[in-house]
Every structure is written in structure tokens, then in C-alpha cells.
Amino acid sequence: MEAVATDFGIQKALEQLGVNEINEGTSTGSNNFSNGDIIESFSPVDGKLIAKVKSTTKEDYEKAMQAATSAFKTWRLMPAPQRGEIIRQFGDKLREKKEALGKLVSYEMGKSYQEGLGEVQEMIDICDFAVGLSRQLHGLTMHSERPGHRMYEQYHPLGVVGIISAFNFPVAVWSWNTALAWICGDVCIWKPSEKAPLCGVACQNIAAEVFKNNNLPEGISCLINGDYRVGELMTKDTRVPLVSATGSTRMGKIVAQEVAGRLGKSLLELGGNNAIIVTPDADIKMTVIGAVFGAVGTCGQRCTSTRRLIIHDSIYDKVKDAIVDAYGQLRIGNPLDESNHVGPLIDTDAVGMYQNALTQVVEEGGNIVVEGGVLSGEGYESGCYVKPAIAEAEPHFNIVQHETFAPVLYLLKYSGDVENAIDIQNNVAQGLSSAIMTNNLREAERFLSHAGSDCGIANVNIGTSGAEIGGAFGGEKETGGGRESGSDAWKIYMRRQTNTINYTTELPLAQGIKFDL
Ligand code: UN1
Numbered sequence: 001m002e003a004v005a006t007d008f009g010i011q012k013a014l015e016q017l018g019v020n021e022i023n024e025g026t027s028t029g030s031n032n033f034s035n036g037d038i039i040e041s042f043s044p045v046d047g048k049l050i051a052k053v054k055s056t057t058k059e060d061y062e063k064a065m066q067a068a069t070s071a072f073k074t075w076r077l078m079p080a081p082q083r084g085e086i087i088r089q090f091g092d093k094l095r096e097k098k099e100a101l102g103k104l105v106s107y108e109m110g111k112s113y114q115e116g117l118g119e120v121q122e123m124i125d126i127c128d129f130a131v132g133l134s135r136q137l138h139g140l141t142m143h144s145e146r147p148g149h150r151m152y153e154q155y156h157p158l159g160v161v162g163i164i165s166a167f168n169f170p171v172a173v174w175s176w177n178t179a180l181a182w183i184c185g186d187v188c189i190w191k192p193s194e195k196a197p198l199c200g201v202a203c204q205n206i207a208a209e210v211f212k213n214n215n216l217p218e219g220i221s222c223l224i225n226g227d228y229r230v231g232e233l234m235t236k237d238t239r240v241p242l243v244s245a246t247g248s249t250r251m252g253k254i255v256a257q258e259v260a261g262r263l264g265k266s267l268l269e270l271g272g273n274n275a276i277i278v279t280p281d282a283d284i285k286m287t288v289i290g291a292v293f294g295a296v297g298t299c300g301q302r303c304t305s306t307r308r309l310i311i312h313d314s315i316y317d318k319v320k321d322a323i324v325d326a327y328g329q330l331r332i333g334n335p336l337d338e339s340n341h342v343g344p345l346i347d348t349d350a351v352g353m354y355q356n357a358l359t360q361v362v363e364e365g366g367n368i369v370v371e372g373g374v375l376s377g378e379g380y381e382s383g384c385y386v387k388p389a390i391a392e393a394e395p396h397f398n399i400v401q402h403e404t405f406a407p408v409l410y411l412l413k414y415s416g417d418v419e420n421a422i423d424i425q426n427n428v429a430q431g432l433s434s435a436i437m438t439n440n441l442r443e444a445e446r447f448l449s450h451a452g453s454d455c456g457i458a459n460v461n462i463g464t465s466g467a468e469i470g471g472a473f474g475g476e477k478e479t480g481g482g483r484e485s486g487s488d489a490w491k492i493y494m495r496r497q498t499n500t501i502n503y504t505t506e507l508p509l510a511q512g513i514k515f516d517l
């Protein structure tokens with residue numbers, strides 16, 4: 001094994017997660033479904049090779065599918081509250097491993113350790129949510145139009161759920177899907193991002209231990225590795241009734257078409273272009289905290305990251321100055337060092353896209369107010385550290401209409417009524433998260449009304465990122481329309497069945513039809 005960074009307790013964390021000796025192969029719990037080409041995982045923190053994980057071949061995938069379908073036969077027969085007990089144990093294991101997993105997330109993906117811990121906390125929270133849900137997978141009862149008949153609906157497990165997740169939330173997004181799918185009686189096959197494969201292996205190890213302790217088949221959770229070609233095995237597979245995919249809109253369109261082509265279901269959580277509207281009645285201090293965390297948290301690589309600030313012209317300069325001032329205080333560096341606010345981008349390709357965005361906004365007539373740039377020198381050897389940048393721009397600029405997964409914030413000006421700001425906000429292809437900063441009740445309610453924000457998430461006096469797991473998470477338009485995590489998002493992981501029972505000796509037909517024999 002390559003010598004990994006021993007500072008910040010990384011080596012110890014890898015040992016605790018059982019992923020410290022992944023070199024020429026993979027460890028995917030006791031299931032080993034990966035015998036293909038090597039995927040190398042480099043840390044954007046220090047550029048070092050963390051591990052080599054094998055990718056999944058077509059033959060390996062078939063084995064995973066067999067393990068999953070056979071595990072489904074056991075798992076679906078277990079009463080849901082008993083499945084809840086297994087998820088409770090899984091949540092407890094996550095509590096035990098929270099620091100170690102948070103550290104691995106930070107080291108492999110580059111977000112701050114605090115945010116890594118926050119991500120594991122989201123996993124723990126969804127497990128708690130799922131345990132409660134295990135006693136609430138309820139359907140409705142209806143009154144039948146026929147005498148002596150009872151009608152109701154019930155929810156049954158779907159089968160094998162395919163999960164494709166992105167690098168930016170390498171563990172939480174899996175858990176939102178998997179905790180609900182498991183509670184619903186489904187089994188899961190997970191393809192994590194090829195940019196964070198070790199996080200996948202670590203999670204699989206934790207799940208495998210819980211299943212083993214309970215004499216349950218590990219096939220309830222299967223891990224496969226690789227790029228889009230491995231994902232395609234699931235999107236094209238009729239044995240996978242639901243594919244949940246998180247990532248870019250480009251990827252989501254391909255997944256949606258492939259899954260729809262075989263009339264399967266997809267749950268898509270794709271790109272965002274999230275804005276905060278700042279009205280004349282906004283609390284400037286709160287606006288700055290919400291906007292800066294939203295724009296630079298996870299180095300601008302959340303699907304909920306704040307990309308646009310739509311500021312009323314009467315307070316534009318004041319808000320701009322306050323935000324520029326806050327950017328001056330940001331510390332950029334090793335995300336495991338808790339004194340830093342901003343870590344690296346995921347890789348040098350992402351750095352290239354960040355640079356392109358800054359070039360393009362200037363070409364389109366924008367004005368840079370906080371200079372960007374790639375950092376070099378001691379501590380920045382990976383080449384992935386960039387300065388969060390701010391540009392004044394116009395809403396219609398091509399670059400402003402696109403999601404750049406990097407810390408580039410656009411300042412846009414509006415005048416007149418809040419409706420003008422809402423128009424600017426809605427006038428993009430994406431529809432994930434949105435926010436308004438105002439102490440004016442009328443403006444807030446207009447923003448939340450049916451003529452207001454068109455996004456899946458609309459917040460008042462909170463930024464665009466950092467949603468809680470209790471609400472349904474997802475967005476409209478090019479964000480894909482899917483909803484994950486809380487509320488009634490569980491329903492997509494089940495099939496609904498309507499049942500009508502006749503307890504008479506007659507067979508009356510519905511709609512008054514007579515069919516006498
Ligand atoms: C994502 O970026 O894919 O709302 C998920 C948030 C987090 C989840 C983001 N709870 O920012």
C-alpha cells in the first residue's frame with residue numbers, strides 16, 4: 001500500500017473503516033464483485049494515491065445481481081419493523097464510525113472535515129427517519145361503490161434498486177436511498193462515483209458487518225465500481241425496476257432515456273442553479289452568512305450551492321461590499337485542518353471548468369469583483385485549490401445560465417418589485433433550490449406562492465444549501481423531478497397495489513354494469 005498521509009489521523013481512520021490495505025484489489029465486504037480494471041483514487045487534498053479499487057465487469061455484475069435477487073427473497077419477507085431494527089443497528093455503527101468516515105470523506109473528496117462529519121450525520125439522521133418509517137408504510141382505505149366490498153391500497157417492495165451517486169456527497173446520498181429502500185423491503189446495488197470509490201468500500205464494510213451480525217445475506221447491499229459503463233448495466237437491466245441517479249443533468253438525461261426506454265422508473269436528482277434573492281428588507285448579516293456558506297461550502301460543489309445572488313438595486317452596493325469583505329476572510333487549505341473554510345476542488349478537470357467560467361463571464365461582459373485563481377506552493381501541491389471568486393453579471397449570460405461545479409458566485413441586480421427578482425430566479429433551466437432574504441412578510445409569501453419560486457426547495461431567511469433530511473429533497477425542470485430522503489419520498493421505492501375484496505355471495509360489477517348469466 002502506498003504510504004498515505006499520516007497527519008490528521010487519516011491512517012487511523014482508514015484502519016477503523018477496514019480500507020487501509022486496498023491496493024491491487026478491492027474489498028467490498030464479503031461480496032467481491034469487482035475483478036476488472038483498476039480505478040485509482042487520488043486525494044485532492046494532497047494529490048496522493050489513496051487506493052486502487054477494481055472495477056466491475058459484466059460477469060461480476062451478473063454475480064451481484066444474483067446475490068441481490070436472492071437476498072431480496074429473504075429480506076422482503078421480514079416484517080418492516082424488523083427491517084427497521086437492522087437499520088437502527090446500521091445507524092448505530094455509523095455513530096461509532098462517524099469521525100473515521102467523516103475523515104475519509106474529507107480526504108478522498110476534499111470537503112472540510114466539519115462538512116464530512118455533517119454528511120455522516122445526514123446518514124445517521126436518515127437511518128433514524130427510516131426506523132420510524134418502518135411502522136408507517138401505510139396506504140389508504142377507500143369506500144367501495146359496491147355493497148359488501150372493501151377497497152384499500154398497500155405498498156409492496158419493488159425489488160432491486162440501482163443507485164448511482166456522485167462524488168460530492170459520496171456517502172450521504174447513498175444512505176438516503178438505501179435506508180429508505182431497505183425499509184421498504186428492497187435490496188440495493190450501488191455504483192458510487194469513480195472519483196470516490198474508497199468511500200463506497202467503507203460504507204459497504206459497515207453494512208456488511210451489520211448484515212453478518214444478524215445472519216442476513218450481504219446481497220441486501222451490493223457494491224459495484226466503475227464509470228458510466230458500469231452504470232449502464234443497471235440502467236439497461238429490466239431486473240432493476242428503479243434507478244436512482246444523482247449527478248449532472250447531462251448524465252441524468254442519458255439515464256432517464258435508457259430507463260424510460262424499458263419503462264422502468266428513475267429517480268433523478270440533477271443540476272441546480274440556485275439563487276438567493278436579497279430584497280431591500282433583508283438582514284444583511286444573515287444574508288452574508290447564508291450566501292457565503294452557500295457559495296463556498298464544499299468548494300461550490302453541492303447541487304444546492306448558491307450560484308446567483310439577485311440583489312435589489314437600492315442595497316446592491318451595501319450587500320456587495322459586505323460579501324466581498326467576508327470573502328477576504330476565507331481561509332483556503334487542507335480541509336482536514338479545521339481552521340480552513342474551503343478545501344480543494346475534486347480534481348484538475350474541475351479546476352479547468354472553474355477557470356473557463358471565469359474567462360467566459362468576462363468575455364460576456366461581466367466584471368470580476370473578487371479575483372479567482374489557482375493556488376500553488378506549499379500545501380497546494382495537488383493543484384486543486386482555487387480561490388472562491390465573485391463576478392457581477394447579467395442574468396441572461398450563457399455562463400450564468402449554466403451550473404459550474406465550483407466556487408463562482410454571480411451578482412445580479414434587480415429593480416422594482418420582488419416579482420422581477422422571482423422572474424430572474426426562475427428564468428433558468430434548473431429548478432433545485434432557492435431562497436429569499438427578507439423581513440417583509442408580503443415578499444416572503446409571494447416568493448412561496450404558486451406564482452413564486454419554481455424550485456423543489458424554497459427557503460426564507462436561510463441559504464440554498466444544507467437541507468434537512470426530513471423534507472423531500474429534489475427539484476423541478478432539469479433538476480429531474482425526483483424526490484429523495486424525507487416526507488413521502490419512500491413511496492417511489494415501492495409498488496402500489498389496489499385491492500378490492502368482495503365478502504358477499506353476489507358478484508356485482510362496478511359502474512352499474514349488468515352481466516347476467
Ligand atoms: C447534493 O449536493 O447532491 O442540501 C446534496 C444540502 C445537502 C445535500 C446536498 N443536505 O446541501
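Letter 51 of the sequence shown, counting from 1, is numbered 51 in full-length UniProt numbering, and no numbers are missing. Cβ atoms here follow ideal geometry from the backbone N, Cα and C, with glycine treated the same way.
Tell me whether alanine 451 is buried or exposed, calling it buried when 16 or more other Cβ atoms sit within 10 Å of its Cβ. exposed
Quick check on the burial criterion: 16 or more other C-beta atoms within 10 angstroms. Buried or exposed for serine 193? buried
Contact test: arginine 302 Cβ vs ligand 1 heavy atom, cutoff 7 Å: Result yes, Cβ under 7 Å from ligand 1.
Since glycine 300 and valine 173 should fall inside the 8 Å C-beta cutoff, what is the C-beta to C-beta distance between them, to a whole number of angstroms? By a beta-carbon distance limit of 8 Å, glycine 300 does not contact valine 173. Their separation comes to about 17 Å.
Can you tell me where the beta strand (DSSP E) holding isoleucine 332 begins and where it ends? No beta strand (DSSP E) contains isoleucine 332, which DSSP labels as neither H nor E.
From the DSSP output, in three-state form, read off glycine 470 for me. coil
State whether the segment 42-59 contacts the segment 371-383, with contact taken as three or more CB pairs (one from each stretch) at a distance under 8 Å. yes
What's the call for lysine 103, buried or exposed, on a 16-neighbour Cβ count within 10 Å? Lysine 103 is buried by the Cβ-count criterion.
Label phenylalanine 515 either buried or exposed according to how many other C-beta atoms from any shown protein chain fall within 10 Å of its C-beta, with 16 as the threshold for buried. exposed
Tell me which same chain residues have a C-beta within less than 6 Å of the C-beta of aspartate 37, skipping the five on either side of it? Ser55
What is the C-beta distance between threonine 504 and glycine 148, in whole angstroms, given that I count them as a contact (C-beta under 8 Å)? That pair is a contact at about 3 Å.
Drop a sphere of 10 angstroms on the beta-carbon of isoleucine 206, count the other beta-carbons inside from all chains shown, and report buried for 16 or more, exposed for fewer. buried
How would you write the range of the alpha helix (DSSP H) that arginine 229 sits in, first residue to last? 228-235
Is the segment 160-167 in contact with the segment 118-134, if contact means three or more CB pairs nearer than 8 Å? Touching, no.
Verify the CB distance criterion: does glycine 379 have a CB-CB separation below 8 Å to chain B? Looking for chain B here will not work: only one protein chain is present.
With a cut-off of 8 Å on the beta carbons, I'd call glycine 219 and serine 34 a contact; round off their distance for me. Actually they are not in contact, since the Cβ atoms of glycine 219 and serine 34 sit about 15 Å apart, beyond 8 Å.
Could you check if phenylalanine 405 belongs to the surroundings of ligand 1, using beta carbon to heavy atom distance under 7 Å? Because no heavy atom of ligand 1 lies under 7 Å away, the Cβ of phenylalanine 405 does not count as near it: no.
With a cut-off of 8 Å on the beta carbons, I'd call proline 44 and leucine 263 a contact; round off their distance for me. Not a contact, Cβ separation roughly 40 Å.
Is valine 210 closer than 8 Å to isoleucine 86 when the C-beta atoms are compared? In contact: isoleucine 86 and valine 210 (Cβ atoms closer than 8 Å).
Three-state secondary structure assigned by DSSP to threonine 287: helix
Could you give the uninterrupted runs of the alpha helix (DSSP H) lying entirely in the segment 88-115, keeping only those of 4 residues or more? 98-109
Beta-carbon proximity of isoleucine 492 to leucine 267, cut-off 8 Å: yes
In three-state terms, what does DSSP make of isoleucine 315? coil
Report the option in Phe169, Ala181, Lys98 whose CA atom is closest to the CA atom of aspartate 488. Ala181
If you follow the alpha helix (DSSP H) that glutamine 360 is in, where does it begin and where does it stop? 348-363
Please state whether DSSP places serine 485 in a helix, a strand or coil. strand
Compute every distance between the C-beta of phenylalanine 167 and the non-hydrogen atoms of ligand 1, then say whether any falls below 7 Å. no
Helix, strand or coil for alanine 282, going by three-state DSSP, please let me know. coil
Helix, strand or coil: which one does DSSP assign to phenylalanine 72? helix
Classification of threonine 359 by the beta-carbon crowding that lies within 10 angstroms, buried from 16 upward: Residue environment: threonine 359 is assigned as exposed (fewer than 16 neighbouring CB atoms within 10 Å of its CB, all protein chains considered).
DSSP-derived helix/strand/coil call for glutamate 15: helix
In terms of DSSP beta bridges, what is tryptophan 190 paired with? Ile163, Leu223
Just to confirm, does glycine 466 get its C-beta within under 7 Å of one of the non-hydrogen atoms of ligand 1? yes
Mind checking which residues open and close the beta strand (DSSP E) that includes phenylalanine 42? 38-42
Glycine 471 beta carbon less than 8 Å from that of glycine 482: no
Assign leucine 270 to one of two classes, buried (16 or more other C-beta atoms within 10 Å of its C-beta) or exposed (fewer than that). buried
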